[in-house]
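Protein chains: 4
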Amino acid sequence: MQKMTADIGSRRWVVAEGFIPGGGIEGDRSLESHETYCVLNAGSQDALLKITLFFTNRPSVGPYRVTVPAARTLHLRTNDLDDPEPVPRDTDYAAVIQSDRPVVIQHTRLDSRAERIALMTTMAYAVS
Amino acid sequence: MQKMTADIGSRRWVVAEGFIPGGGIEGDRSLESHETYCVLNAGSQDALLKITLFFTNRPSVGPYRVTVPAARTLHLRTNDLDDPEPVPRDTDYAAVIQSDRPVVIQHTRLDSRAERIALMTTMAYAVS
Amino acid sequence: MQKMTADIGSRRWVVAEGFIPGGGIEGDRSLESHETYCVLNAGSQDALLKITLFFTNRPSVGPYRVTVPAARTLHLRTNDLDDPEPVPRDTDYAAVIQSDRPVVIQHTRLDSRAERIALMTTMAYAVS
Amino acid sequence: MQKMTADIGSRRWVVAEGFIPGGGIEGDRSLESHETYCVLNAGSQDALLKITLFFTNRPSVGPYRVTVPAARTLHLRTNDLDDPEPVPRDTDYAAVIQSDRPVVIQHTRLDSRAERIALMTTMAYAVS
Numbered sequence: 000m001q002k003m004t005a006d007i008g009s010r011r012w013v014v015a016e017g018f019i020p021g022g023g024i025e026g027d028r029s030l031e032s033h034e035t036y037c038v039l040n041a042g043s044q045d046a047l048l049k050i051t052l053f054f055t056n057r058p059s060v061g062p063y064r065v066t067v068p069a070a071r072t073l074h075l076r077t078n079d080l081d082d083p084e085p086v087p088r089d090t091d092y093a094a095v096i097q098s099d100r101p102v103v104i105q106h107t108r109l110d111s112r113a114e115r116i117a118l119m120t121t122m123a124y125a126v127s
Numbered sequence: 000m001q002k003m004t005a006d007i008g009s010r011r012w013v014v015a016e017g018f019i020p021g022g023g024i025e026g027d028r029s030l031e032s033h034e035t036y037c038v039l040n041a042g043s044q045d046a047l048l049k050i051t052l053f054f055t056n057r058p059s060v061g062p063y064r065v066t067v068p069a070a071r072t073l074h075l076r077t078n079d080l081d082d083p084e085p086v087p088r089d090t091d092y093a094a095v096i097q098s099d100r101p102v103v104i105q106h107t108r109l110d111s112r113a114e115r116i117a118l119m120t121t122m123a124y125a126v127s
Numbered sequence: 000m001q002k003m004t005a006d007i008g009s010r011r012w013v014v015a016e017g018f019i020p021g022g023g024i025e026g027d028r029s030l031e032s033h034e035t036y037c038v039l040n041a042g043s044q045d046a047l048l049k050i051t052l053f054f055t056n057r058p059s060v061g062p063y064r065v066t067v068p069a070a071r072t073l074h075l076r077t078n079d080l081d082d083p084e085p086v087p088r089d090t091d092y093a094a095v096i097q098s099d100r101p102v103v104i105q106h107t108r109l110d111s112r113a114e115r116i117a118l119m120t121t122m123a124y125a126v127s
Numbered sequence: 000m001q002k003m004t005a006d007i008g009s010r011r012w013v014v015a016e017g018f019i020p021g022g023g024i025e026g027d028r029s030l031e032s033h034e035t036y037c038v039l040n041a042g043s044q045d046a047l048l049k050i051t052l053f054f055t056n057r058p059s060v061g062p063y064r065v066t067v068p069a070a071r072t073l074h075l076r077t078n079d080l081d082d083p084e085p086v087p088r089d090t091d092y093a094a095v096i097q098s099d100r101p102v103v104i105q106h107t108r109l110d111s112r113a114e115r116i117a118l119m120t121t122m123a124y125a126v127s
C-alpha cells in the first residue's frame, strides 16, 4: 500500500470559507460548533503543514505549523489553533495550506448554534 | 508568503446553484438565510470581480462589480448585491464570476426557514 | 459576455449520490424533500441533456431528455422526471448526464423528513 | 450508452473526512447516522474496490474488498464494513479507495444525533 499511496494529493490547498460560530452546544466536544481541516497523509514520511489565515479587514496571520504523521489522518480543528494566535470566533476567514509532502484536505463545519446541528463539507481546492 | 500565493486559483468560476430563501430567522445577521461566495485573493494585487447572474425565464443580469483587496478574503453575500439590481428571493439562479486576478471561490448557503439552520457548501467550479 | 462564457463547463457529468426521500414537509414545493441538478448553460445555443440513471439491483434507465436554453439556468428536480419513467423514492441511484454543449452542473438535496430541513450540495464530477 | 460511459471516472479516490457518529435515530435504517461512499461503475465490467482506512493514532486497516457490478451504483455505508474489522464509531478516519476499473465516488454523511438530521456531501478527490 505504501508505494501506491506515497504520492497522493497536492502540496497546496485552499479553503475559502471559514467561520467558527461563537455559540452552540457545550459540554460535548463532538457537538461543539467547529471547523475542521481533515488532512490525509497517505505517504510514508511525515508532512509538515504551514497554514496561513486571511481575513477581511486585517493582514494575514501565520504560519500555523502542524505535523501530520506518515500514514495517518489528522482532523484538525481550527478552533484549536493558537500559535501565533487563536482564530477569532464569529469572523470570516480563509486559509492557504502548504505541505512539504502531498496530502489531501477536506473541509467540514459543524454548526450547533440553533440547538440542533447543521453540517457542511467540501473537498478543499487543490492548487495545481 | 506573498510570492508563494500570488498565483493561487482561477480567473473564472461558476456556481450553478443559487437560491436565496425568502424567509428565515431575523434580527441576527449571521443566522438570516443567505448565500455567500467566499472569495480568497491570496495575491499581492486587488482583484476586480465581475459577476453575471443567470435565471430560468429571463435574460442574465450583470455584471455586478466587486473588489477583493490583495491578501484578503471577502465572504460576499448575494443578498447584499444591488447594482444593477437586487437578487430576487425564492428564485433559482446561477452565477459566472470573472476576476482579473486568480482567486479561489467557495459557495455556501445557510437556510434558516425551518426555525433551525441548514448548511451546505462546495468549492465553485474553476473554468480551465 | 456571450463570447467569454460560450465554452464554460463540460459535456459529461456524474452525480454518484442519488436518493429522493419518500417523506417530508408537504404543501410547500420549496420545502418538499427533493434532489436537484442545477445546470448552467452560459453559452449562446440551447443544450440538450441526456440523463441516464443507474441503480443497485436493476439495469440503468434513460435517457431522460431535457433542454436547457441558451444563457439560462435550469434547476432540475429529479422528482419531476417521468419519461421514460418516474424516479423511485427511497431508492439509491446515480446519474450520468451528457450534454451536446458545455454546461456546469451542481447537485443539491433538501431533505425535510425530520420536520426540519437538511441540505447538502457539491459540484458534480466533470468527466474529462 | 455502454460505450460512452465505459471510461468514466478514476481508479483512485480519497475521502479525507470520516466519522461515524455513535448515536442517532434508531429503528429506521435510512435515518440512522451513517457515512456512505456512493460509487458509480458506469462501465461494462465489474469493478473491484480495495478500501484502506487511515486513523489518527494507529496504523491503517485494510484492504476492505467490495465489488460494484457493471452498470450499477453501490451506496456503500462504512457502518457496514466488517472485514478485516468493523469501523470504530466516534473516531476520526480517512479512506483511500482503489478500483481496478474507473468509477466515480461521492461522499455523504447523515448525522441524526441531535434528534433531527444533518447532511453533508462532496465529490471525493480523484487522484490523477
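Protein chains in written order, with numbering that gives the first Met the number 0: chain V, 0 to 127; chain F, 0 to 127; chain B, 0 to 127; chain C, 0 to 127.
Virtual Cβ for every residue (Gly too), placed ideally from N, Cα, C.
Endpoints, beta strand (DSSP E) assigned at Glu34/C: Start and end: His33 to Asn40.
Contact with chain F by His33/B, beta-carbon distance below 7 Å: No, because no Cβ of chain F sits closer than 7 Å to the Cβ of His33/B.
Selected residue, minimal CA-CA separation from His74/B, among Gly61/F, Ala94/F and Leu118/F: Nearest neighbour of His74/B by Cα position, chosen from Gly61/F, Ala94/F and Leu118/F, turns out to be Ala94/F.
Local conformation of Asp99/B per DSSP, three classes: Annotated three-state conformation of Asp99/B is strand, per DSSP.
Cβ-Cβ separation, Ala113/B to Ile19/C (assumed contact under 8 Å), whole Å: About 19 Å separates the CB atoms of Ile19/C and Ala113/B; that is not less than 8 Å, and the two are not in contact.
Cut-off 7 Å between Cβ atoms - residues of its own chain near Ile24/F, not counting five sequence neighbours on either side: When the five nearest sequence neighbours on each side are left out, the beta carbons in the same chain lying within less than 7 Å of the beta carbon of Ile24/F are those of Leu30, Glu31 and Ser111, in order along the chain.
Reference Arg71/C, options Arg11/B, Gly17/B and Asp6/B, closest by Cα: Minimum Cα distance to Arg71/C is reached at Gly17/B.
Any chain B beta carbon closer than 7 Å to Gln1/V: Here the model assigns Gln1/V a pLDDT of 44, short of 50, so the residue's position is not dependable, and the following value carries that caveat. Nearest CB-CB separation between Gln1/V and chain B: not below the 7 Å threshold.
Chain C contact residues for Val13/B, given Cβ-Cβ distances below 8 Å: Here the neighbours are Ile7, Gly8, Leu39, Ala41 and Val103.
Anticipated Cβ contact below 8 Å, Met119/B with Leu52/C, distance rounded: The C-beta distance from Met119/B to Leu52/C rounds to 23 Å, too long to fall under 8 Å, and the pair is not in contact.
Identified DSSP bridge partners for Ser9/B: Partner(s): Val102/B.
Contact set for Pro68/F: own chain, Cβ-Cβ below 6 Å, skip 5 residues either direction: Around Pro68/F: Asp45.
Of the residues Asp27/B, Ile50/B, Arg64/B and Asp89/B, the one placed nearest Arg11/B, counting alpha carbons only: Of the candidates Asp27/B, Ile50/B, Arg64/B and Asp89/B, the one whose C-alpha sits nearest the C-alpha of Arg11/B is Ile50/B.
Bounding residues of the beta strand (DSSP E) (the contiguous stretch that carries Val65/B): Note, Val65/B: beta strand (DSSP E), Val60 to Val67.
Arg64/B to Gln105/B span [Cα, whole Å]: Distance between the alpha carbons of Arg64/B and Gln105/B is about 18 Å.
Cβ of Asn121/V within 7 Å of any chain F Cβ: Here residue 121/V is Thr; the residue named in the question, Asn, does not match the sequence. Chain F, which has a Cβ nearer than 7 Å to the Cβ of Thr121/V, makes this yes.
Proximal residues to Leu80/F (C-beta, below 6 Å), its chain only, five neighbours per side dropped: If the five residues before and after Leu80/F are omitted, its C-beta is found closer than 6 Å to the C-beta atoms of Tyr63 and Val86, all from its own chain and listed in chain order.
Bridge partners - Thr107/F, DSSP secondary structure assignment: The partner list for Thr107/F (beta bridge, DSSP) reads Thr35/F and Thr120/F.
Alpha carbon of Gln97/B to alpha carbon of Leu48/B, nearest angstrom: If I take the Cα positions, the gap works out to 6 Å.
Where Asp6/F falls, given that 16 or more other Cβ within 10 Å makes a residue buried: Burial call: exposed.
Leu80/C - DSSP class collapsed to helix/strand/coil: Leu80/C sits in coil when the DSSP states are folded into three classes, being neither helix nor strand.
Proximal chain C residues relative to Asp89/B, where beta-carbon distance stays under 9 Å: The contacting residues are Ser29.
Paired residues, beta bridge with Phe54/V - DSSP: Note: Phe54/V sits in a beta bridge opposite Tyr92/V.
Coarse secondary structure for Arg112/V, derived from DSSP in three states: Residue state, collapsed to three classes: coil.
CB contact flag (Leu39/V, Ala15/C, <7 Å): Contact: yes.
Cutoff 7 Å: Arg115/B Cβ touching any chain C Cβ: True, the Cβ-Cβ gap to chain C drops below 7 Å.
Any C-beta of chain C under 7 Å from that of Tyr124/B: Yes, its Cβ sits closer than 7 Å to a Cβ of chain C.
Contacts that Thr82/B makes with chain C (C-beta to C-beta distance below 8 Å): One point to set straight first is that residue 82/B is Asp, not Thr, in the sequence displayed. Near Asp82/B there are no residues of chain C at all, since even the closest Cβ is about 17 Å away, more than 8 Å.
Sequence-distant residues of its chain with Cβ nearer than 6 Å to Met122/F (five each side left out): Apart from the 5 residues on each side of it in sequence, Met122/F sits with its Cβ closer than 6 Å to the Cβ of Gln105 in its chain, given in chain order.
Assumed close pair Arg183/F, Glu34/F - CB separation to whole angstroms, cut-off 8 Å: Only positions 0 to 127 of chain F appear in this structure, which leaves residue 183/F out of reach.
Cα-Cα separation, Lys2/B to Ser9/B: Here the model assigns Lys2/B a pLDDT of 49, short of 50, so the residue's position is not dependable, and the following value carries that caveat. Going from the Cα of Lys2/B to the Cα of Ser9/B covers about 17 Å.
Bridge-paired residues (DSSP) for Val14/C: Ala94/C, per the DSSP bridge assignment.
Contacts around Phe54/F, its chain only, beta-carbon distance under 6 Å, and the 5 residues preceding and following it disregarded: So the qualifying residues of the chain are Tyr92.
Cβ of Thr72/B within 7 Å of any chain F Cβ: Yes - at least one Cβ of chain F is within 7 Å of the one on Thr72/B.
CB contact flag (Arg100/B, Gly22/B, <7 Å): Going by C-beta atoms, Arg100/B is not nearer than 7 Å to Gly22/B.
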